[in-house]
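Throughout the sequence shown, residue numbering follows our numbering, covering 1 to 77 in sequence.
Cβ coordinates follow ideal geometry from the N, Cα and C atoms, glycine included.
All remarks here apply to the structure that follows.
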Amino acid sequence: MAEIGHNLMIRYGLSRAATSTEAAAWAKRVQELIAAGYTPAQAGDTAAQIILPGYQTRHYASEGDTVEMLLQRLNNK
1 MAEIGHNLMI
11 RYGLSRAATS
21 TEAAAWAKRV
31 QELIAAGYTP
41 AQAGDTAAQI
51 ILPGYQTRHY
61 ASEGDTVEML
71 LQRLNNK
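Here it is in structure tokens:
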């Protein structure tokens with residue numbers, strides 16, 4: 001899960017990698033928001049703002065994985 005935490009850090013400009021607990025909470029909230037009608041990108045951003053510390057406090061040159069890819073990797077752990 002450490003790699004997922006790093007990917008979340010890049011995707012959402014976090015000041016540090018997300019913990020496994022934070023990543024799981026983010027994934028759960030994303031699924032709830034998608035079920036409520038949000039697009040995956042909107043759900044990922046909204047959940048990150050709520051759950052992940054340091055949201056958009058950094059800018060990384062590389063692009064992060066898509067929300068769908070992150071969710072798939074978390075579900076396949």
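Proximal residues to residue i (C-beta, below 8 Å), its chain only, five neighbours per side dropped
i: Glu-68; result: Pro-40
i: Leu-74; result: Met-1, Ile-4, Ala-23, Ala-24, Ala-27
Limits of the unbroken alpha helix (DSSP H) element including residue i
i: Gly-13; result: It is not in any alpha helix (DSSP H) - Gly-13 carries neither H nor E in the DSSP assignment.
i: Gly-44; result: 40 to 51
i: Arg-29; result: 20 to 35
i: Gln-56; result: Run containing Gln-56: none; DSSP gives neither H nor E here.
Spatial distance of residue i from residue j (CA atoms)
i: Ser-20; j: Gly-37; result: 26 Å
i: Gly-5; j: Ala-23; result: 6 Å
i: Gln-72; j: Pro-53; result: 22 Å
i: Ser-15; j: Leu-70; result: 18 Å
i: Ile-34; j: Ala-43; result: 6 Å
Cβ shell of residue i (< 6 Å), same chain only, five flanking positions each side left out
i: Ala-25; result: Ile-51
i: Gln-56; result: Gly-13
i: Ala-48; result: Tyr-12, Tyr-55
i: Ala-18; result: Gly-5, Leu-8, Leu-52
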